[in-house]
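In what follows, a single structure is set out as structure tokens and then discussed.
2 protein chains.
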Amino acid sequence: MPKLTTHAVNPTFHKVEYAVRGELAIKADAFREKLKEPDHDLPFDNVISSNIGNPQQKGLDQPPITFTRQVAALMEWPALIELAPQVFPRDVIERAKELSREIGSVGAYSHSQGVPFIRQSVAKFIEERDGFPSDPSHIFLTAGASAGVSLLINALITSPKSGILIPIPQYPLYTASLAQHQGLPIPYYLDESKGWSTSVSSIEAALEEAHKEGIAPKGLVIINPGNPTGAVLDEETQEKLVHLCEKNHLVILADEVYQDNLHRRDSLPFTSFKKVVSKLQSHVPLVSFHSISKGVSGECGRRGGYFECTNFSDDVVALLYKMVSVTLCPPLTGQIGVNCMVRPPKLGEESYELWKKETDTIHASLASRTQTMAERLNSLPGVSCVDSPGALYLFPQISISKKAREAAQAVGQHPDEMYAHGLLEETGICVVPGSGFGQKEGEWHYRLTCLCPGVDDYVGKLEKFHHRWVDQYGVE
Amino acid sequence: MPKLTTHAVNPTFHKVEYAVRGELAIKADAFREKLKEPDHDLPFDNVISSNIGNPQQKGLDQPPITFTRQVAALMEWPALIELAPQVFPRDVIERAKELSREIGSVGAYSHSQGVPFIRQSVAKFIEERDGFPSDPSHIFLTAGASAGVSLLINALITSPKSGILIPIPQYPLYTASLAQHQGLPIPYYLDESKGWSTSVSSIEAALEEAHKEGIAPKGLVIINPGNPTGAVLDEETQEKLVHLCEKNHLVILADEVYQDNLHRRDSLPFTSFKKVVSKLQSHVPLVSFHSISKGVSGECGRRGGYFECTNFSDDVVALLYKMVSVTLCPPLTGQIGVNCMVRPPKLGEESYELWKKETDTIHASLASRTQTMAERLNSLPGVSCVDSPGALYLFPQISISKKAREAAQAVGQHPDEMYAHGLLEETGICVVPGSGFGQKEGEWHYRLTCLCPGVDDYVGKLEKFHHRWVDQYGVE
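Next comes the structure, spelled out in structure tokens:
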């Protein structure tokens, strides 16, 4: 009998695509291994993983928030409170003791929706953010936002003709989850010429198209702030979107994991869909996702996050509980990360000054890097880039000449893939081609994160590669 | 527009059943809340969650392994190495430094299969255990064994008529995953009269039945040591099972999460399926699951585990990688837990004595509690209980009188459910009825963990309840 081969594997597995950790990321890993060889012949000394929003990875090294890590260390080994009391701030010790009372050991399974006390702290955070009530029993702590998104996409697929409206460009978790759970994406297009704005008319056009094809739309995914676009929605548009969902009986899936990554907070603030739905007293069902992986927390490796269900019946919440109970509970360290994110140190507490300094630094450097990168990308021939006001990414458009298109075709790649492979091979910078997120026919982009600390050196490499590319292929 | 109601939810969600955290566990949680009220009228002072193998939960309080927690604390806040060096053993500091070099920050996403260095340590553990090679590139670290099981069940379902052989009684993760991923369980029966043994003929009978119903068998689930049965397979049976899978083109799904919970290690040792398959030079595809949640580790809340693929083509491994990459990576704290489980302190290292004492104590008390509980259960009228040589559970059979059957029918419950509800209501002990695991028609069981430290008091409550039940309903 031969080995297990791919024809024996679920056909849905073949359809799933997730470019963020796809071919280019695997190639980048191989280069990273090769760099360890003393006589490698690579034209760069380090690989920069700009393909993924992973702030604390080696080479990017965004420092973790000290408060979170101190609380987590005490939760791991509570004896430290007695053995090394002088090294922990008082508020850290108090928080760890409070969490220990509520959780017990971090080595025990918690309630499958997450520790009730931590869900209460999430509800309080939402209430203070929005000014409207939040029900802890309709909140689920999760292993990052991804786990929740996958569950909810699965929940809404009631037949092979069920569809979910997905923005283009999108974060590919959505199409991957739809492929896995046998639902259909209904693409709607964001408007690059208006800073990647979301329009009701574009969604209505997509709905009409879906109806023609016999697809039953079940939900609308909104990523705000946008990924990969960085766009931040205004409240007026959000209200229109709520009315559109009311009219079309759609569940809103609001991916709000970048709600704290705002580069122009005063002119372009974040408003949650929960607040808009509450203010309008709408009955539209809404799921809001948040995460500790982004924001200033950047705690990707803990796998923590939550979703809040609004206008869901208790019976549906019970069904979701049953589903998450099968895998028992989200990681306790992620849950502790959620508690620290929604209840940071307050003014007057011992940890406050350091926390303020750490978070201010992260906000400021991300905003300044994003602006610098957008400016310099925009000054390159054949590149145009929306100066993103939120999230962690830029999504520049690159014009592709006929010569480049033909060269790409000859090697069996899309032009943006060929661009990304060239960039990786020549500079060690790993980005994701626009085709991994979706783009209009005939347009080409790539996504890169704004997390790299040595921005001058980094953008210098991008520029040098781009000029080399333009020398070879010209500009359209 | 009304709230989102259950008819809008995926029909597979309605089919999933997971009794371990089902109705009784929810009722137990409600009692736990009620006990906080000073004038509650409950006839007990605490709830004992014997429904789930959760060693470190409040009330059970199996202590964590100090070595693991010390390493984890240093990984959370590496500054502790400088700030409080005197409180950490030298080998803990060395391990934390080594892991930090390999991992970087625990707040960063790792490789989606898990940190390569930790997968190497798993491969070394497997090689030392079995005496056969293990390939780290075919190992996946997971968020507990459950996440891996769900992925592999999903992978093997290629059509709505795909089936997986499931032991009866089983751990309900298997039927729940099959329901979610739209595959069919093919039940085969374990032989209670022979200590819950597994027989080839019982599996062959199930295969024949499946073929008659047009179900295509894809895999065979073996839980060894058994859950809920505690049975430990002998190597001869394992060899027969490998041959059966070769003949019938079945993938073996070997759930080996209790491999370190052995109460009679000398007479009934654990042999991995990896070893048997390797020894036979068989080409049967095998997935072996392990976890940090059980054994002496008991670190359920960290969510850590791994699976190893044997006789899988690289292409299938690449497909599995793609699927796990969508949710990015398993929790780093779980991965660190895996490293500590597969590389415990060695003789001569500073942490060894304490580690030895802690693990010996856990092994001894679990073995002695299991024996005591089995003996006392067997002495009750109408109860027979296999004295489990492994895992964390007992699965006693209770004889049900006609009067009890009629009473159960009158309240719309199975007799074992009525028994479990009565036990919870009268004593605060939460167990899971046998119907949650599957049992032969007309037989009734329940599963309880052997984790409760106050075994005399605990079994005393069980006995008192049982006598009260027998007084009311008699014995068959």
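Protein sequences, first through last, are from chains S and H.
Heads up, the first sequence is in full-length UniProt numbering, so the first residue is 1 and it goes up one at a time.
Heads up, the second sequence is in full-length UniProt numbering, so the first residue is 1 and it goes up one at a time.
Glycine included, each C-beta is placed from N, C-alpha and C at the ideal position.
Note that the structure is predicted; figures quoted are calculated from it, not measured.
Contacts around residue i, its chain only, beta-carbon distance under 6 Å, and the 5 residues preceding and following it disregarded
| i | result |
| --- | --- |
| H/ILE103 | VAL115 |
| H/THR372 | VAL455 |
| H/ASP121 | Residue 121 of chain H is actually Ser in this sequence, not Asp. ASN339, VAL342, ARG343, listed in sequence order. |
| S/LYS240 | VAL200 |
| H/ILE65 | GLU358 |
| H/HIS466 | LEU380 |
| H/ALA420 | LEU24, VAL431, PRO433, TYR446 |
| S/GLY438 | ILE168, PRO169, GLN170 |
Sheet register partners of residue i (DSSP bridge)
| i | result |
| --- | --- |
| H/ALA216 | H/SER162 |
| H/ALA254 | H/ILE222, H/SER288 |
| S/VAL342 | Bridge partners of S/VAL342: none, in fact. |
| S/GLN397 | S/SER384, S/HIS445 |
| S/GLY390 | S/LEU262 |
| H/ILE429 | H/ILE48 |
| S/SER197 | S/ASP191 |
Within-7 Å CB hit, residue i to chain H
| i | result |
| --- | --- |
| S/ASP315 | yes |
| S/GLN413 | no |
| S/ALA176 | yes |
| S/VAL87 | yes |
| S/VAL324 | no |
| S/GLU204 | no |
| S/TYR18 | yes |
| residue 506 of chain S | This structure gives no information on residue 506 of chain S, because the portion of chain S shown stretches from 1 to 476. |
| S/ASN54 | yes |
| S/SER112 | yes |
| S/PHE13 | yes |
| S/SER105 | yes |
Enclosing alpha helix (DSSP H) for residue i [first to last residue]
| i | result |
| --- | --- |
| H/HIS466 | 455-473 |
| H/LEU184 | Note, H/LEU184: premise wrong, no alpha helix (DSSP H); beta strand (DSSP E) at 184-189. |
| H/GLU308 | Where H/GLU308 is concerned, there is no enclosing alpha helix (DSSP H), although the beta strand (DSSP E) it sits in stretches over 305-310. |
| S/PHE273 | 273-279 |
| S/ILE81 | 80-83 |
| S/ALA8 | Premise fails: S/ALA8 is in no alpha helix (DSSP H) and is neither H nor E. |
| H/SER325 | 314-325 |
| H/LEU354 | 352-378 |
| S/ASN248 | 235-248 |
| H/GLU349 | Neither: H/GLU349 is in no alpha helix (DSSP H) and is coded neither H nor E. |
| S/ILE118 | 116-130 |
| S/VAL71 | 66-76 |
Boundaries (first-last residue) of the beta strand (DSSP E) holding residue i
| i | result |
| --- | --- |
| H/TYR171 | From DSSP, H/TYR171 is part of no beta strand (DSSP E); its letter is neither H nor E. |
| S/PHE140 | 139-142 |
Within-7 Å CB hit, residue i to chain S
| i | result |
| --- | --- |
| H/THR237 | no |
| H/CYS300 | yes |
| H/ALA84 | yes |
| H/ALA410 | no |
| H/PHE31 | no |
| H/THR359 | no |
| H/ARG90 | no |
| H/SER146 | yes |
| H/THR6 | yes |
| H/PRO433 | no |
| H/PRO331 | yes |
Own chain, CB closer than 7 Å to residue i, minus 5 neighbours either side, in chain order
| i | result |
| --- | --- |
| H/SER351 | PHE67, PRO89, ASP91, VAL92, PRO345 |
| S/LYS461 | THR427, ILE429 |
| H/GLU33 | none |
| H/GLY107 | none |
Given 8 Å, three or more beta-carbon pairs between the region 338-353 of chain S and the region 150-160 of chain S:
no
Counting Cβ pairs closer than 8 Å, one from the region 246-260 of chain H and one from the region 283-293 of chain H, do we hit at least three?
yes
Cβ contact (3+ pairs, closer than 8 Å) linking the region 229-243 of chain H and the region 269-281 of chain H
yes
Just checking, does the region 206-220 of chain H make contact with the region 243-254 of chain H on the three C-beta pairs under 8 Å criterion?
yes
Counting pairs of beta carbons, one from the region 385-401 of chain S and one from the region 12-23 of chain H, are three or more of them closer than 8 Å?
no
Any contact between the region 382-398 of chain H and the region 442-455 of chain H? By contact I mean 3 or more CB pairs, one from each, below 8 Å.
yes
Counting beta carbon pairs with one atom in the region 192-206 of chain H and one in the region 129-146 of chain H, are three or more of them shorter than 8 Å?
no
If we count Cβ pairs, one from each stretch, closer than 8 Å, do we get three or more for the region 327-338 of chain S versus the region 297-307 of chain H?
yes
Specify whether the region 21-32 of chain S and the region 424-444 of chain S touch according to this definition: at least 3 beta carbon pairs, one from each stretch, less than 8 Å apart.
yes
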